[in-house]
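Trainee: Numbering (our numbering), first residue to last: -4 to 763.
Right, I'll just put the structure down here and ask away after.
Following this line, the structure appears as structure tokens:
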């Protein structure tokens, strides 16, 4: 709205100068207020806003109106003759609420401003064209289950873009469209609260609530907007755990190792997270010390494990009472408890075929090193823990006894020495004895046996090193020339103490004497003076060294003493004897006689060696005289059974019959006689025979030069004392045609092959 007034110029005379009028201060003759226009005009014609008019405008069109400023010419236009203002574009208050423009009136003919430029405002008037909007929706919220009525959940807010200062276009009211009767909303603030008591998450966990916001104060015709609020009931510990089974049946092998799993139990809890955590424990039963239970934190199950080794033979079943409880409780829900439950677990122990068990589980044996071969040093005992109690067979793990110093009896478990023991060589033996079930060789048990070899005085003391000393020609009686010491490989408990003295053959030695210092050393002193190199330049002094062991052992060491020429200070100048020339030279005849004697001696020595070689020739099996090679080179018919020169057939005879034939075989006779004397003809092996066999086995292993003559005639499968008696054909005087071998079929399975070879057959091929 605007008003206009008259514009009267200030005059001084009838003739006015035009330039003076332009510089004169003109009284403002137009005033207008703000213009108001409604937004969202939808008509086809331009929207009339208002009219500008100057008092100087007399309606003859001499005044020209000009519009400038915000939106001039684009949003708003003005009729330059009438001053009418129109809006030529759609107006939106939410985009722009007002425009500031400037207006001016000019003389159309001269362009001279008729009025000073003035500023005015066009305000856009609001209409209700925007609905409320939830800018933060949709919403997500949670509330604990079982919450009291009226518990706050979340507050929602809607925004209306309309002018809050003009009417009720922006006044919003909230209401709930979906979610009743569980939740309610405050119509003014948009705060959502619980509206129903005892809402249980385990019954329904998720709720979708729709909230509406309506402007115009909720009146009819107002615009509305909606949003979704997803509400989740969070868990609380309001459900006690319960076992789905009151009885569990489990089984475990008696061979199950400690800490192995027997089975699992689980208590169901409808809660989740920390409220569903479980703690399992064993509260009763006869297996509390045999089994244990642990809680798996990932799956909340109770894992029953083996705590101690099981034995089917000792106890075949166990009963356990298992409890599962919630460790995290809420005081307001204790009336829903108790928050624990129990179940019974029956565990059956299953029998398995177990390896033999040694009692004790470790052996420590002390053995003197001079123990005889075949001596029993320990009885190793093992038993089958199973009900069947199978027989046990013993052996030694040879990887633990590579030197084969020991032997264990296969049935009794007697651990014996098989070779001489030497503490100075090996002082400790750690062997493994194996026990195997006779009926199931796969079941093998083992035990460690530590053998400590005790020292005995079996090593004589000896010089710590080779001693070689000297004595000066000008040495005086009683002068020290050497200090000697000794070592001993033995290790007596009381420590080593050596005693020194001159050997018996040197007890009255006129040149040197010995003084025992009683500290395991001895001094060698001169007994006289006046030693001369040309008389004797080297002396050998035998010294007897004894230890304090039981029995006392001693050895003789020789001290070599050279006679040297020395200066006055005792420094050696020379230890070589001066050349000594015989005063009388030998004649030619004497030299010839000496050479002849030497030649005769050489001839005798060669003759003796040749005779000894011929004497040993029949007893040496040379490669050229191999039995098989002799037979291959035969080019004529041999002498048959009476031809005994090609090879020694005595080893095939009966030991008792071979004694007369082998008188000329001195290298075989002691072995056969000793075996015949100790080995009985009945199939009984006592401890003496066993020890004897071990001793002979050791001798054969250690004797690298003994011929490998076969002595298997001691086997008790043939010869005198056996069912077959002697099978030697050397004493047979009949031929094959006169001899019947039918009796071979009665000798048992050992002679079945021989019976098939010599038995007569009928036309059908059957033996008869």
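Even glycine gets a Cβ: it sits at the ideal position worked out from N, Cα and C.
Note down the Cα distance separating residue 225 from residue 121, rounded to an integer number of angstroms.
Mentor: The count along the chain shown starts at 1 and reaches residue 225 at position 230. The count along the chain shown starts at 1 and reaches residue 121 at position 126. Approximately 35 Å, taken between the alpha carbons.
Trainee: Are the stretch 435 to 445 and the stretch 370 to 389 touching, with three or more C-beta to C-beta distances below 8 Å?
Mentor: They touch, by the three-pair rule.
Trainee: Suppose you measure from the CA of residue 524 to the CA of residue 453; what does that come to, to the nearest Å?
Mentor: As a position in the chain shown, residue 524 is number 529, starting the count at 1. As a position in the chain shown, residue 453 is number 458, starting the count at 1. About 41 Å.
Trainee: Mapping DSSP to helix, strand and coil, what is residue 603?
Mentor: For the purposes of this step, residue 603 is identified with residue 608 of the chain shown, where counting begins at 1. Three-state DSSP puts residue 603 in a helix.
Trainee: Would the beta-carbon of residue 248 fall within 7 Å of that of residue 347?
Mentor: The residue you call residue 248 lines up with position 253 of the chain shown. The residue you call residue 347 lines up with position 352 of the chain shown. Their beta carbons are under 7 Å apart, which means residue 248 touches residue 347 by this criterion.
Trainee: So, is residue 495 buried or exposed, given that buried needs 16 or more other C-beta atoms within 10 angstroms?
Mentor: Reading the chain shown from its first residue, position 500 is the one you call residue 495. By the 10 Å Cβ count, residue 495 comes out buried.
Trainee: Starting from residue 748, follow the alpha helix (DSSP H) in both directions and report where the run begins and ends.
Mentor: For the purposes of this step, residue 748 is taken as the residue at position 753 of the chain shown. Counting along the chain, the alpha helix (DSSP H) containing residue 748 begins and ends at 747 to 753.
Trainee: Between the C-alpha atoms of residue 322 and residue 315, what's the straight-line distance to the nearest angstrom?
Mentor: Against the chain shown, residue 322 aligns to sequence position 327. Against the chain shown, residue 315 aligns to sequence position 320. Spanning the two alpha carbons is a distance of roughly 21 Å.
Trainee: Determine, using beta-carbon pairs with one atom in the stretch 132 to 152 and one in the stretch 44 to 52, whether at least three such pairs fall under 8 Å.
Mentor: The answer is no - the stretch 44 to 52 does not touch the stretch 132 to 152, with fewer than three Cβ pairs under 8 Å.
Trainee: Return the bridge partner residues of residue 423 from the DSSP annotation.
Mentor: Taking the first residue of the chain shown as 1, we reach residue 423 at position 428. Paired residue(s): 447.
Trainee: Between the Cα of residue 447 and the Cα atoms of 359, 455 and 501, which residue gives the shortest distance?
Mentor: Locating residue 447 in the chain shown gives position 452, where the first residue counts as 1. For the residues 359, 455 and 501, the minimum Cα distance to residue 447 belongs to 359.
Trainee: Using a 10 Å radius around the Cβ and a threshold of 16 neighbouring Cβ atoms, would you call residue 109 buried or exposed?
Mentor: The residue labelled residue 109 in the question sits at position 114 within the chain shown. Residue 109 comes out buried.
Trainee: Out of 427, 373 and 378, point me to the one whose CA is closest to residue 397's CA.
Mentor: By one-based count along the chain shown, residue 397 stands at place 402. For residue 397, the nearest C-alpha among the options comes from 427.
Trainee: With contact counted as at least three CB pairs below 8 Å, one residue from each stretch, are the stretch 455 to 466 and the stretch 400 to 419 in contact?
Mentor: Judged by Cβ distances under 8 Å, the stretch 455 to 466 makes no contact with the stretch 400 to 419, as fewer than three pairs qualify.
Trainee: Mapping DSSP to helix, strand and coil, what is residue 691?
Mentor: Position 696 of the chain shown, counted from the start, is the residue given in the question as residue 691. Residue 691: helix per DSSP, three-state reduction.
Trainee: Would residue 764 be called buried (16 or more neighbouring beta carbons within 10 Å of its own) or exposed?
Mentor: Within the shown structure, residues of the chain are numbered from -4 to 763, placing residue 764 beyond reach of any answer.
Trainee: So what's residue 216 in DSSP terms, helix, strand or just coil?
Mentor: For this step, residue 216 is matched to residue 221 along the chain shown. Coil.
Trainee: Taking the straight line between their C-alpha atoms, what separation do you get for residue 237 and residue 200?
Mentor: Taking the first residue of the chain shown as position 1, residue 237 is located at position 242. Taking the first residue of the chain shown as position 1, residue 200 is located at position 205. Their backbone Cα atoms lie some 21 Å apart in a straight line.
Trainee: Could you pull out every residue in the same chain whose Cβ sits closer than 6 Å to the Cβ of residue 79, ignoring the five residues on either side in sequence?
Mentor: Your numbering for residue 79 matches position 84 in the chain shown. Hits under 6 Å: 46.
Trainee: Assign residue 569 to buried or exposed, taking buried as 16 or more other Cβ atoms, counted over all protein chains shown, within 10 Å of its Cβ.
Mentor: The residue given as residue 569 occupies position 574 in the chain shown. Exposed: under 16 other Cβ atoms inside 10 Å.
Trainee: Should residue 56 go down as buried or exposed, given a rule of 16 or more other Cβ atoms within 10 Å for buried?
Mentor: In the chain shown, the residue the question calls residue 56 occupies position 61. Answer is exposed; the Cβ neighbour count stays below 16.
Trainee: So the candidates are 571, 151, 488 and 91; which of them puts its Cα closest to the Cα of residue 467?
Mentor: In the chain shown, the residue the question calls residue 467 occupies position 472. It is 571.
Trainee: Tell me which residue opens and which closes the beta strand (DSSP E) that residue 243 is part of.
Mentor: Here residue 243 is taken as the residue at index 248 of the chain shown, counted from 1. Segment 242 to 248, the beta strand (DSSP E) holding residue 243.
Trainee: How would you write the range of the beta strand (DSSP E) that residue 341 sits in, first residue to last?
Mentor: Position 346 of the chain shown, counted from the start, is the residue given in the question as residue 341. Where residue 341 is concerned, the enclosing beta strand (DSSP E) stretches over 335 to 345.
Trainee: Can the beta-carbon of residue 150 be found closer than 7 Å to that of residue 185?
Mentor: Mapped onto the chain shown, residue 150 falls at position 155. Mapped onto the chain shown, residue 185 falls at position 190. Cβ distance < 7 Å, so residue 150 and residue 185 count as in contact.
Trainee: Near residue 76, which residues of its chain fall below 7 Å by C-beta distance, leaving aside the five closest residues on each side in sequence?
Mentor: Here residue 76 refers to the residue found at position 81 of the chain shown. So the qualifying residues of the chain are 56.
Trainee: In terms of residues, what are the limits of the beta strand (DSSP E) holding residue 550?
Mentor: The residue given as residue 550 occupies position 555 in the chain shown. 549 to 561 is the extent of the beta strand (DSSP E) around residue 550.
Trainee: Terminal residues of the continuous beta strand (DSSP E) containing residue 149?
Mentor: Translated into the one-based positions of the chain shown, residue 149 becomes position 154. Start and end: 147 to 150.
Trainee: According to DSSP, is residue 608 helix, strand or coil?
Mentor: Counting from 1 along the chain shown, the entry for residue 608 is found at position 613. Correct three-state label for residue 608: helix.
Trainee: I need the DSSP call for residue 268, collapsed to helix, strand or coil.
Mentor: As a working mapping, residue 268 is identified with position 273 in the chain shown. Helix at residue 268.
Trainee: Out of 335, 246, 265 and 548, state which residue places its alpha-carbon closest to the alpha-carbon of residue 311.
Mentor: As a position in the chain shown, residue 311 is number 316, starting the count at 1. The option with the nearest alpha carbon to residue 311 is 246.
Trainee: Closer than 7 Å by C-beta to residue 262: which residues in its own chain qualify, once you throw out the five before and the five after it? Chain order, please.
Mentor: Start at 1 with the first residue of the chain shown, and residue 262 comes out as number 267. Excluding sequence neighbours, residue 262 sits near 236, 237, 238, 273, 319 and 336.
Trainee: Can you confirm whether the stretch 488 to 504 touches the stretch 581 to 591 when touching is taken to mean that 3 or more C-beta pairs between the two stretches lie within less than 8 Å?
Mentor: These segments do not touch.
Trainee: What residue from 270, 283 and 303 has the CA that sits closest to residue 254's CA?
Mentor: Residue mapping note: residue 254 aligns to position 259 of the chain shown, counting from 1. Cα-wise, what sits closest to residue 254 is 303.
Trainee: Would you mind reading off the limits of the beta strand (DSSP E) that contains residue 45?
Mentor: Counting from one through the chain shown, the residue named residue 45 turns up at place 50. Note, residue 45: beta strand (DSSP E), 42 to 46.
Trainee: Would you kindly check if the distance between the Cβ of residue 69 and the Cβ of residue 41 is under 7 Å?
Mentor: The residue labelled residue 41 in the question sits at position 46 within the chain shown. The residue labelled residue 69 in the question sits at position 74 within the chain shown. Not a contact, by the Cβ cut-off of 7 Å.
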